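full-length UniProt numbering applies: residue 1 is where the sequence shown begins, and numbers increase by one. Each residue gets a CB set at the ideal place from its N, CA and C atoms; glycine is no exception. Note that this is a predicted model, so its numbers are computed, not measured.
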Amino acid sequence: MSLTSHLSLVEEGNECEKPPYSYVALITMAISDSPERQMTLSQIYHYIDARFPYYRNCDPKRRQGWQNSIRHNLSLNDCFIKKARDGVGPANDRKGNFWTLSPDSINMFDNGNFKRRYN
């Protein structure tokens, strides 16, 4: 199943049910679906909000929690690389950095299986 068809199924999910994806998988989905294969932190948040009702329709405390988890995973996981912005564009568009996938990790979810593995 392709990433696009997989996401169309996800978007219609139950808003009370947590998606079966790790934060690494959610971030990877967002970056992989971006035309430039890179996103800012706020773009990653927006992507997750737009596609997963569970994260969009939650109380502020839970929202802060999942956003903290996204930041934590970006910073500590070797499969994500922080790239400085080039300074082009309006000042408001230059805040923060871009995040992209490490070349070693690009094929991590090639089989389309983004679901969390339970042992």
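- Bounds of any alpha helix (DSSP H) do not take in Met108, whose DSSP letter is neither H nor E.
- DSSP places Lys82 outside any alpha helix (DSSP H); the residue lies instead in the beta strand (DSSP E), whose first and last residues are Phe80 to Lys83.
- Ala25 has its alpha-carbon roughly 11 Å from the corresponding atom of Cys79.
- Under DSSP, Gln38 shares a beta bridge with Thr100.
- Minimum Cα-Cα distance from Thr28 among the listed residues Pro53, Asn77 and Lys61 corresponds to Asn77.
- Of the residues Ser42, Asp104 and Asn57, the one whose Cα lies closest to the Cα of Asn68 is Ser42.
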